[in-house]
Amino acid sequence: METIENKFFTKEQLERIAHELSGILPFQKEFLSVAELSIYLGISMSAVYKLTSKNEIPFYCPGGKKIYFKKQEINQWIEESRVIPDSEILENGIGSNSLVQIP
């Protein structure tokens, strides 16, 4: 005898699924808000505002009000901020012997 599977979700299951999706969906967008970017980068909203006030991060401010960030540009900004580890510096022969004196 075949059993009939439950094809319905409980309210709690739907709420859990909705909560999980709400954490994922903002990052599927092309542009992020300050709040979304702070979550994306794992920093406070205050830190995001400081980065914008110092023009250290690419952002958009249409109409001079709300600030937006293009996700692709943020990813590029992160990649360009890479710190070269000492092991890689030594591996590539870049070190104190490679310094150029300026006259």
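Everything in the sequence shown is counted per the numbering used here, starting at 1110 for the first residue and increasing by one. Each residue gets a CB set at the ideal place from its N, CA and C atoms; glycine is no exception. Keep in mind the model is a prediction, meaning the values are calculated, not measured.
- At a Cβ-Cβ threshold of 8 Å, TYR1169 and LYS1180 do not count as neighbours.
- Straight through space, the alpha carbons of GLY1202 and GLU1121 are spaced by roughly 59 Å.
- Comparing C-alpha distances from GLU1188 to each of ILE1166, SER1196, GLY1173 shows the shortest one belongs to ILE1166.
- LEU1130 counts as exposed, since fewer than 16 other C-beta atoms from the protein chains shown sit within 10 angstroms of its C-beta.
- DSSP, read as helix, strand or coil, puts LYS1179 in strand.
- The residue among TYR1149, ASN1184, GLU1182, SER1142 with its C-alpha nearest the C-alpha of PRO1171 is SER1142.
- The beta carbon of PHE1118 sits closer than 8 Å to the beta carbons of ILE1126 from its chain, once the five residues preceding and following it are set aside; these are given in chain order.
- Counting along the chain, the unbroken alpha helix (DSSP H) around LYS1159 starts and ends at 1154–1162.
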